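Asks: Going down the list, the protein sequences come from chains U and X.
For what it's worth, this note's numbering labels the leading residue of the first sequence as 682, then goes sequentially.
For what it's worth, this note's numbering labels the leading residue of the second sequence as 321, then goes sequentially.
Positions of the beta carbon are idealized from the N, C-alpha and C atoms, including for glycine.
Everything numeric in this text was worked out from a predicted model, so none of it was measured.
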Amino acid sequence: GENVEQHPSTLSVQEGDSAVIKCTYSDSASNYFPWYKQELGKRPQLIIDIRSNVGEKKDQRIAVTLNKTAKHFSLHITETQPEDSAVYFCAASINQGGKLIFGQGTELSVKP
Amino acid sequence: GAVVSQHPSRVICKSGTSVKIECRSLDFQATTMFWYRQFPKQSLMLMATSNEGSKATYEQGVEKDKFLINHASLTLSTLTVTSAHPEDSSFYICSARDLGTSGTPHQETQYFGPGTRLLVL
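#1: When the Cα atoms are used, what is the spatial distance from X/F354 to U/T761?
#2: When you compare the CB of U/Q785 with every CB in chain X, is at least one pair closer than 7 Å?
#3: Output, in chain order, the set of chain U residues within a Cβ distance shorter than 9 Å of X/I413.
#4: To the nearest angstrom, how far is the alpha carbon of U/L692 from that of U/L727?
#5: Which value, in whole angstroms, describes the spacing of the CA atoms of X/Q430 and X/S415?
#6: Residues of the region 753-780 of chain U in Cβ contact with chain X at a cutoff of 7 Å, in chain order, please.
#7: For X/D408, name the three-state secondary structure that DSSP assigns.
#8: Give a yes or no on whether the minimum CB-CB distance between X/R357 and chain U is below 7 Å.
#9: Please tell me whether X/L366 has its Cβ less than 7 Å away from any Cβ of chain U.
#10: For U/P763, name the three-state secondary structure that DSSP assigns.
#11: In chain U, which residues lie less than 7 Å from X/Q430 when you measure between Cβ atoms?
#12: X/G435 CB to nearest chain U CB: under 7 Å?
#13: 7 Å is my cut-off, CB to CB: does X/S363 come that close to chain U?
#14: Output, in chain order, the set of chain U residues within a Cβ distance shorter than 8 Å of X/R417.
#15: Along chain U, in chain order, which residues have C-beta atoms closer than 9 Å to that of X/F348?
#16: Return helix, strand or coil for U/T746, following the three-state DSSP convention.
#17: Using a cut-off of 8 Å between C-beta atoms, extract the partners of X/F354 located in chain U.
#18: Taking U/V685 as part of the beta strand (DSSP E), name the residues at either end of that continuous run.
#19: When the Cα atoms are used, what is the spatial distance from U/D730 to U/A772?
#20: Beta-carbon of X/T369 versus every beta-carbon of chain U: anything under 7 Å?
#21: Rounded to whole angstroms, what's the CA-CA distance from U/L756 to U/D708? Just pull it up for me.
#22: Please report how far the alpha carbon of U/F783 lies from the alpha carbon of X/T369, in whole angstroms.
#23: Just to confirm, is the Cβ distance from X/V279 to X/H405 under 7 Å?
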């Protein structure tokens, strides 16, 4: 089955700097890659997603890139703010039924 | 739109009892719902896929007789943790997949419920 690896597990940046989180997936049939932000004790919130027919997608300070050949996708947050501090999860959806397989998560800390 | 609710938000029970958790899609129909479990500081682990009107599909290693799933309508799925034990204490989160107005399976956005924190004493 699908396996998603996410790095780093923790990331600390200064306010205003950029943050990059990387994920790899194993199943070449995966075609949907969402990113979720989860604050402590709360539900994951979808922040951006990308489909396999697109190489890059941007939404204000957030961008996601996808390299299908290498089976890599990355989340880029620019001009980080303290409110960006949370745990971020990448995920991949395999073809059978759309179930999501999550990466291990990255705890992002943005220091003022 | 696309709101998913869960009930209860928090439950404490004694070891050996059963606990039922409800997941509802409030403003859309969801033929498929998913159940996840999340232990502290860990990722979301898919437990099962709940399909309206049919049996749930369980992930490897998840006991179907212990985690009973019922998806009797297009807006409600329930997860019952039977004979709960302290090791079942966790954060249980459901998600629902919105097929959109066209009903196409390519609408894969999932919306998560707020989660249910289960503590088994």
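Replies: Let's see:
#1: Working through the second sequence from its first residue, we reach residue 354 of chain X at position 34. Working through the first sequence from its first residue, we reach residue 761 of chain U at position 80. Taking the straight line joining both Cα atoms gives about 32 Å.
#2: Position 104 of the first sequence holds residue 785 of chain U. By this cut-off, U/Q785 is an interface position.
#3: Numbered from its first residue, the second sequence carries residue 413 of chain X at position 93. Chain U residues near X/I413: R724, P725.
#4: On the first sequence, position 11 is the one that residue 692 of chain U refers to. On the first sequence, position 46 is the one that residue 727 of chain U refers to. Whole-angstrom Cα-Cα distance: 20 Å.
#5: As a working note, residue 430 of chain X is residue 110 in the second sequence. As a working note, residue 415 of chain X is residue 95 in the second sequence. About 6 Å.
#6: F770, S774, G778, G779, K780
#7: Residue numbering aside, residue 408 of chain X sits at position 88 when the second sequence is read from its first letter. DSSP places X/D408 in helix when its eight states are reduced to three.
#8: Residue mapping note: residue 357 of chain X aligns to position 37 of the second sequence, counting from 1. Closer than 7 Å: no.
#9: By one-based count along the second sequence, residue 366 of chain X stands at place 46. Yes, X/L366 counts as interfacial toward chain U.
#10: For the purposes of this step, residue 763 of chain U is identified with residue 82 of the first sequence, where counting begins at 1. In this structure, U/P763 counts as helix in the three-state DSSP scheme.
#11: The count along the second sequence starts at 1 and reaches residue 430 of chain X at position 110. Per Cβ cutoff of 7 Å: L781.
#12: Your numbering for residue 435 of chain X matches position 115 in the second sequence. Yes, its Cβ sits closer than 7 Å to a Cβ of chain U.
#13: Numbered from its first residue, the second sequence carries residue 363 of chain X at position 43. Answer yes: the Cβ-Cβ gap between X/S363 and chain U drops below 7 Å somewhere.
#14: The count along the second sequence starts at 1 and reaches residue 417 of chain X at position 97. Result: G779.
#15: For the purposes of this step, residue 348 of chain X is taken as the residue at position 28 of the second sequence. By Cβ distance, chain U contributes nothing, its closest Cβ being about 15 Å from X/F348, past 9 Å.
#16: Here residue 746 of chain U corresponds to residue number 65 of the first sequence, with the count starting at 1. Strand.
#17: For the purposes of this step, residue 354 of chain X is identified with residue 34 of the second sequence, where counting begins at 1. Under the 8 Å cutoff, chain U gives K780, L781.
#18: Residue numbering aside, residue 685 of chain U sits at position 4 when the first sequence is read from its first letter. Per DSSP, U/V685 belongs to the beta strand (DSSP E) from 685-688.
#19: Residue 730 of chain U sits at position 49 when you count from the first residue of the first sequence. Residue 772 of chain U sits at position 91 when you count from the first residue of the first sequence. Those two C-alpha atoms are separated by around 9 Å.
#20: Working through the second sequence from its first residue, we reach residue 369 of chain X at position 49. Cβ-Cβ to chain U under 7 Å: yes for X/T369.
#21: The residue labelled residue 756 of chain U in the question sits at position 75 within the first sequence. The residue labelled residue 708 of chain U in the question sits at position 27 within the first sequence. Cα-Cα distance, rounded: 19 Å.
#22: As a working mapping, residue 783 of chain U is identified with position 102 in the first sequence. As a working mapping, residue 369 of chain X is identified with position 49 in the second sequence. Straight-line Cα distance between these residues: approximately 15 Å.
#23: Beyond the ends of chain X as shown, which are 321 and 441, falls residue 279 of chain X; an answer cannot be given.
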